[in-house]
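Asks: Everything in the sequence shown is counted per the working numbering, starting at 4 for the first residue and increasing by one. Sharing a structure here in C-alpha cells format.
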Amino acid sequence: MKNNLLSILLGGVLVAFGLGSCGYFIGQTMFNAKVAMNIAEVKGLAEQRVESDIANWQLSFSNRSKRKQDIPALYQRAEQQQQEIIAILNANGFTDDEIEIGLIEYKYYEYRDENQAVVDQDHELEGTISLETTKVRDVAKVRGEVNKLVAKGYDINNYSPTYRFTKLNEIKPEMLKAATTNARIAANEFAANAGVAVGGIRSARQGNFSITDVGEEYGDRYKIEKDVRVVTRIEFYLTE
C-alpha cells in the first residue's frame, strides 16, 4: 500500500514537472518566434497628476407655508435670501459672470385622505443659484459661508460641487512622448535578454486617455486633484 502511494505521489510530481516544463518551452518558443520576426511588441504607460480647472456648484433655497395667502410674503422672503446669498458669493471673489440665478418657482402640494378629501397643503417657493468658476480652491470656503445661513433659519440645499479637468489636449503630446519612452525602455530590456538591439518603430497604437479622481478606481467629478493615464502599444524593429 505504501509503495502504491509513493508511486502515485511520484507520478503526480512528474506530471506537474512535465506540465511546467511544457509551459516553459511554449513560452520560450513564442519568445524566440517573436525575435525571429525581428519585432518586439511592448506597452508604455504614462501617468500625470493634474488639478481641475473648472468647478460647478449649485444650491437651492426654499420657503413654505400652509396658507395660500402667505405666498406674497414667501416670495419677498425668497428674493431677500437670494440677494443675501449672491452678496456672500461676491464677497468671496466670485463675479456676476460666474453666477447664474435661477427663477424662483412656485410649487403646490396637497395631501388627501382615503376619501380623496384635501386634509393638508403646502405652498413652496424654491430658488436656485449656480456657480461655474475657475477658482476651484475657493468653492469649499464659500460653501461654508453659505451654510452659516442655516443658523438663521434658511432652508438651504448645499449640493456637492463637481470638478472638471478640461485641458487634456494640452498635456497629451507630453504624455504620449513619456509613454513612448517607457515603451522603448521595456523594449530594450526585452532585446537585451534576446541578445539583439531595438531599432525604429514599426507601428503604434494609442490607448484611450482616462481621468479619475485621486485615490479612486473610477469617477472624475468630486475631487480637485485627478490622475490622467494613457497606455500605448508599440511594435519596435529588432536588429542584430
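Note that the Cβ used here is the ideal one computed from N, Cα and C, for glycine as well. Source: prediction; values computed, not measured.
Applying the criterion that 16 or more other CB atoms from any shown protein chain within 10 Å of the CB defines a buried residue, is N185 buried or exposed?
Replies: buried
Asks: Could you check how far apart the C-beta atoms of Y114 and H126 are, in whole angstroms? I think they sit under 8 angstroms.
Replies: Contact doesn't hold; Cβ gap of about 13 angstroms is too wide.
Asks: From F97 to M178, what distance separates their C-alpha atoms?
Replies: 33 angstroms
Asks: CA-CA distance, T235 and E44?
Replies: 10 angstroms
Asks: Kindly indicate which three-state DSSP category L134 falls into: helix, strand or coil?
Replies: Strand at L134.
Asks: Please report how far the alpha carbon of A181 lies from the alpha carbon of G47, in whole angstroms.
Replies: 8 angstroms
Asks: To test your reading of the DSSP string, which unbroken beta strand (DSSP E) runs of 3 or more residues are found completely within the segment 154-206?
Replies: 158-161 and 165-167
Asks: Considering only the alpha carbon of each residue, which of N66, D216 and A76 lies closest to T165?
Replies: D216
Asks: Within the same chain, show all residues whose beta-carbon is closer than 6 angstroms to that of I57, passing over the 5 residues directly before and after it, in chain order.
Replies: The beta carbon of I57 sits closer than 6 angstroms to the beta carbons of R167 and T169 from its chain, once the five residues preceding and following it are set aside; these are given in chain order.
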